[in-house]
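Those letters in the sequence shown? Residues 1 to 341, by full-length UniProt numbering.
Just below is one structure, and these are the notes that go with it.
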Amino acid sequence: MIYQKKNALRQISYNFSIVIIAFAVLISFLILSICFFDVARNNSSFLFAIIICGFFQEVDNLFSGALKGFEKFNVSCFFEVITRVLWASIVIYGIYGNALLYFTCLAFTIKGMLKYILVCLNITGCFINPNFNRVGIVNLLNESKWMFLQLTGGVSLSLFDRLVIPLILSVSKLASYVPCLQLAQLMFTLSASANQILLPMFARMKASNTFPSNCFFKILLVSLISVLPCLALFFFGRDILSIWINPTFATENYKLMQILAISYILLSMMTSFHFLLLGIGKSKLVANLNLVAGLALAASTLIAAHYGLYAISMVKIIYPAFQFYYLYVAFVYFNRAKNVY
Numbered sequence: 001m002i003y004q005k006k007n008a009l010r011q012i013s014y015n016f017s018i019v020i021i022a023f024a025v026l027i028s029f030l031i032l033s034i035c036f037f038d039v040a041r042n043n044s045s046f047l048f049a050i051i052i053c054g055f056f057q058e059v060d061n062l063f064s065g066a067l068k069g070f071e072k073f074n075v076s077c078f079f080e081v082i083t084r085v086l087w088a089s090i091v092i093y094g095i096y097g098n099a100l101l102y103f104t105c106l107a108f109t110i111k112g113m114l115k116y117i118l119v120c121l122n123i124t125g126c127f128i129n130p131n132f133n134r135v136g137i138v139n140l141l142n143e144s145k146w147m148f149l150q151l152t153g154g155v156s157l158s159l160f161d162r163l164v165i166p167l168i169l170s171v172s173k174l175a176s177y178v179p180c181l182q183l184a185q186l187m188f189t190l191s192a193s194a195n196q197i198l199l200p201m202f203a204r205m206k207a208s209n210t211f212p213s214n215c216f217f218k219i220l221l222v223s224l225i226s227v228l229p230c231l232a233l234f235f236f237g238r239d240i241l242s243i244w245i246n247p248t249f250a251t252e253n254y255k256l257m258q259i260l261a262i263s264y265i266l267l268s269m270m271t272s273f274h275f276l277l278l279g280i281g282k283s284k285l286v287a288n289l290n291l292v293a294g295l296a297l298a299a300s301t302l303i304a305a306h307y308g309l310y311a312i313s314m315v316k317i318i319y320p321a322f323q324f325y326y327l328y329v330a331f332v333y334f335n336r337a338k339n340v341y
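Laid out in structure tokens, this is it:
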């Protein structure tokens, strides 16, 4: 147990080093751009602020993930509330003070530093320093390559349609599509965030070979519960849009949101199996499947864009359709381990 904790802390140190190296590369690139390009020179303050915000947000993400990895979910939630409230307060102050860029940058800096301090003191009682050991960093990047591949596939789900709509249709169509998509993604995020606890839990179970009986069916039950937020959006989306924007917008676009909600209902069902497969070491399979799903969705979106917003919304079902393969993989895994019956 002590060895596992030391190894986990070492991995966090390597991750911290990668974040710092990426930050240094971006700063160097910005300095070179300022020297050679007028556009970069004229917008240097804005670009520098983006890099600073990105760096401290990655520090925040790293140490939030570290807490979840140690299965301290209650502590993680408490720290998240504290830092987010502080962040929002600083940003709001910046809005009223007409200095939004400066205070946004300050908010991300304080949020990231505070999260780093709180998490370090909670996990080890002392600060976790970056470790620039070349072999360790290379090994970590090699182990993480499948996660990077998976994220590449996920870009198609979250961003590609918003790039295509203004290019092929119009900006006004994007204005109708984005609020509906944001609501669907918000409901999906509720389930996905809640199911994040499954990854370290299943990793620990696999390491100790202590899966509970009927594990597959228990995960299936979790996946059915996970659809509730998006299911609520499907039935009450029109009312939500009326309150959030206005009744006219809701009347014109609630069917569009219902179509998006169906895709995210199916996607919500698969989040528990997604984290299960990552926890039991199937990251390569997950990455390849998500990449193929992302490419298929991107190609379908390009074709569907010529037929309007409803067609774009309908083809989003392709992504979760690929992920239903998770069910087969999980069933076979537990059946072989004699944990499914």
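Where a beta carbon is used, it is the ideal one built from N, C-alpha and C, also for glycine.
Treat the numbers as computed from the prediction; the structure is a model and nothing was measured.
Excluding the 5 residues preceding and the 5 following residue i in the sequence, name in chain order all residues of the same chain whose CB lies nearer than 7 Å to its CB.
i: residue 278; result: 199, 286
i: residue 209; result: none
i: residue 168; result: 305, 306
i: residue 41; result: 34
i: residue 102; result: 94
i: residue 320; result: 263, 266, 267, 270
Let me know if residue i comes out buried or exposed under the rule of 16 or more other beta-carbons within 10 Å of its beta-carbon.
i: residue 310; result: exposed
i: residue 147; result: exposed
i: residue 135; result: exposed
i: residue 247; result: exposed
i: residue 305; result: buried
i: residue 315; result: buried
i: residue 125; result: exposed
i: residue 318; result: buried
i: residue 142; result: exposed
i: residue 171; result: exposed
i: residue 332; result: exposed
Please list, in chain order, all residues of the same chain as residue i whose beta carbon is under 8 Å from its beta carbon, the five residues on each side excluded.
i: residue 86; result: 107, 110, 111, 114
i: residue 330; result: 216, 219, 273, 276, 277
i: residue 256; result: 176, 177, 180, 309, 310, 313
i: residue 184; result: 230, 233, 257, 260, 261, 263, 264
i: residue 241; result: 179, 180, 183, 249, 250, 253, 254, 257
i: residue 325; result: 289
Tell me which same chain residues have a C-beta within less than 6 Å of the C-beta of residue i, skipping the five on either side of it?
i: residue 253; result: 176, 180
i: residue 192; result: 271
i: residue 132; result: 17
i: residue 83; result: 111, 114, 115
i: residue 203; result: 279
i: residue 341; result: Note that residue 341 has pLDDT 38, beneath the 50 cutoff, so the model's placement of it is unreliable and no number is given.
i: residue 339; result: Low per-residue confidence applies at residue 339: pLDDT is 45, beneath 50, and the placement is therefore not dependable enough to give any value.
i: residue 49; result: 101, 105
i: residue 15; result: 62
Does the separation of the CB atoms of residue i and residue j fall below 8 Å?
i: residue 290; j: residue 150; result: yes
i: residue 301; j: residue 81; result: no
i: residue 206; j: residue 280; result: yes
i: residue 23; j: residue 55; result: yes
i: residue 160; j: residue 298; result: yes
If you compare alpha carbons, which of the options is closest to residue i?
i: residue 51; options: 25, 37, 35; result: 25
i: residue 266; options: 228, 237, 235; result: 228
i: residue 195; options: 222, 41, 45; result: 222
i: residue 78; options: 31, 64, 69, 91; result: 64
i: residue 334; options: 299, 213, 74; result: 213
i: residue 76; options: 95, 32, 121, 102; result: 121
i: residue 226; options: 269, 100, 89; result: 269
i: residue 224; options: 96, 327, 282; result: 327
i: residue 27; options: 53, 8, 201; result: 53
i: residue 10; options: 71, 100, 44, 139; result: 139
i: residue 69; options: 320, 288, 8; result: 8
i: residue 5; options: 71, 49, 36; result: 71
i: residue 282; options: 144, 88, 32; result: 144
Using only the alpha-carbon positions, how far apart do residue i and residue j sit?
i: residue 104; j: residue 98; result: 11 Å
i: residue 342; j: residue 57; result: Residue coverage of the chain in this structure runs from 1 to 341, which leaves residue 342 outside it and unanswerable.
i: residue 66; j: residue 129; result: 14 Å
i: residue 190; j: residue 73; result: 15 Å
i: residue 39; j: residue 322; result: 42 Å
i: residue 13; j: residue 245; result: 45 Å
i: residue 173; j: residue 100; result: 29 Å
i: residue 117; j: residue 127; result: 7 Å
i: residue 59; j: residue 19; result: 7 Å
i: residue 293; j: residue 96; result: 44 Å
i: residue 166; j: residue 137; result: 40 Å
i: residue 239; j: residue 186; result: 16 Å
i: residue 336; j: residue 201; result: 20 Å
i: residue 284; j: residue 243; result: 43 Å
i: residue 91; j: residue 162; result: 26 Å
i: residue 119; j: residue 37; result: 40 Å
i: residue 89; j: residue 303; result: 44 Å
i: residue 197; j: residue 32; result: 42 Å
i: residue 21; j: residue 43; result: 23 Å
Within 7 Å: the Cβ of residue i and any heavy atom of the ligand ADP?
i: residue 109; result: Inclusion of the ligand ADP in the displayed structure is not the case, the ligand content being empty and no account of it being possible.
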